[in-house]
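J.: All letters in the sequence shown, in the order written, are residues 16 to 244 by the working numbering.
Before we start, here is the structure in question, set down as structure tokens.
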Amino acid sequence: MGLTNRETVELTSLLNLTSVEISYKTVERLYSDPDVFVTFYNLLSQIVEGLSIDAAMDSKGYSVVITRHYRSEREESGEEGKGFVYSFFIFDLASNLIVAYGYSLKSEAYERALKVLKDLGVHVESLRADKYYGKSTLKEFPNATVYLIPKSNASIKGGKRWREMILRFMRNPLEYLEEYFKREKAESLISWIKRKTGWVINKVREERIHLTVLARVVIHDLYWSKALD
């Protein structure tokens, strides 16, 4: 929920969640524990595996606050630094569930989300994406009806499915745009995630950043799974 390790320890003690006194270092190490990662990933799998969905996808960024507590780093760089992590989500429009996610310190978040989507066996029947996605999206989702807004300099050339998409847009623009703008739901859900689980990631090591993103995905999906019951 955007808590630091010390805040997590204090909350655990306040709520009497365990009779054993724990250290903030113990909390930090949990983020590198492969068993914890497998537990969260299995939870995600139990919720979304094998679904057939009408999807929208979008990305967002998290600030990564890095506290420099080692002497050499502190002397060289000061007390605190900031980084940035990219995250990418594919949503089921009917249930609001996140069916695939990706993260990256550079630019691989989208590709990682596609791998998760394949691993979880989620079938995308239709897909909506923003203006930054083009012809390659049709190749990555070969069995889906894809709704994109072609760029101003786009041509009808580009393969059969690209031409078919352009023609659907030209022949019935209102119906096409009605479907396309369902993607705005992804933007509102991303805002919901940030409000509920935090805008900042207080982790440095990559596997701990990964687990933080995954945990927030699972928290989101557990909430909406409960809302569907």
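The C-beta atom is built at its ideal place from N, Cα and C for all residues, glycine as well.
For GLU88, which residues in the same chain have their Cβ closer than 6 Å to its Cβ, ignoring the five residues on either side in sequence?
T.: Note that GLU88 has pLDDT 43, beneath the 50 cutoff, so the model's placement of it is unreliable and the number below is only indicative. Closer than 6 Å at the Cβ level, and outside the excluded window around GLU88, lies no residue.
J.: For THR227, which residues in the same chain have their Cβ closer than 6 Å to its Cβ, ignoring the five residues on either side in sequence?
T.: If we look at THR227 and ignore the five residues flanking it on each side, its Cβ neighbours are ILE216 and LYS218.
J.: Taking the straight line between their C-alpha atoms, what separation do you get for LEU182 and LEU192?
T.: 13 Å
J.: Rounded C-beta distance between GLY76 and PHE99? I'm assuming under 8 Å.
T.: 6 Å
J.: Starting from LEU142, trace the beta strand (DSSP E) both ways and give me its first and last residue.
T.: 138-143
J.: Would you mind working out which of HIS235, LEU153 and TYR116 sits nearest ARG143, comparing C-alpha positions?
T.: Per the Cα distances, LEU153.
J.: How would you call SER102, buried or exposed, if buried means at least 16 neighbouring beta carbons within 10 angstroms?
T.: buried
J.: Between the segment 166-178 and the segment 128-142, do at least 3 Cβ pairs fall closer than 8 Å?
T.: no
J.: State the CB to CB distance for the pair LEU108 and LYS197, rounded to an integer number of angstroms; the pair is presumed to be in contact (CB under 8 Å).
T.: That pair is a contact at about 6 Å.
J.: Which residues in the same chain as HIS225 place their Cβ atom closer than 7 Å to its Cβ, once the five residues preceding and following it in sequence are excluded?
T.: For HIS225, where only same-chain residues beyond five positions count, the Cβ hits under 7 Å are TYR118.
J.: Run the CB neighbour count on VAL53, radius 10 Å, all protein chains shown included, and call it buried at 16 or more, exposed below.
T.: exposed
J.: Roughly how many whole angstroms lie between the Cα atoms of SER167 and ARG178?
T.: Cα to Cα, the separation comes out at about 15 Å.
J.: Can you tell me which of the three DSSP states ILE181 falls into?
T.: The answer is helix: DSSP assigns ILE181 an H, G or I state.
J.: Is LYS245 helix, strand or coil by DSSP?
T.: The structure shown does not extend to residue 245, since the chain is modelled only from 16 through 244, so no value can be given for it.
J.: List the endpoints of the continuous alpha helix (DSSP H) containing ILE62.
T.: 49-63
J.: Shortest alpha-carbon distance to LEU229 belongs to which of LEU237, GLU126, TYR116 and LYS146?
T.: The shortest Cα separation from LEU229 among LEU237, GLU126, TYR116 and LYS146 belongs to TYR116.
J.: Among ASP134, TYR162 and PRO157, which residue has its Cα nearest to the Cα of LYS146?
T.: TYR162
J.: Helix, strand or coil, according to DSSP, for TYR238 in the structure here?
T.: helix
J.: Does the beta-carbon distance from GLU43 to LEU120 come in below 8 Å?
T.: no
J.: Between which two residues does the alpha helix (DSSP H) containing SER203 stretch?
T.: 199-212
J.: Classify LEU189: buried if its beta carbon has 16 or more other beta carbons within 10 angstroms, exposed otherwise.
T.: exposed
J.: Taking C-beta to C-beta, are ILE105 and LEU132 nearer than 8 Å?
T.: The Cβ-Cβ distance between ILE105 and LEU132 falls below 8 Å.
J.: Judging by CA-CA distance, which residue of ARG231, ARG186 and ASP50 is the nearest neighbour of ILE205?
T.: The option with the nearest alpha carbon to ILE205 is ARG231.
J.: Can you tell me the Cβ-Cβ gap for VAL51 and LEU45, rounded? I've got them flagged as a contact below 8 Å.
T.: About 5 Å separates the two Cβ atoms, so the contact holds.
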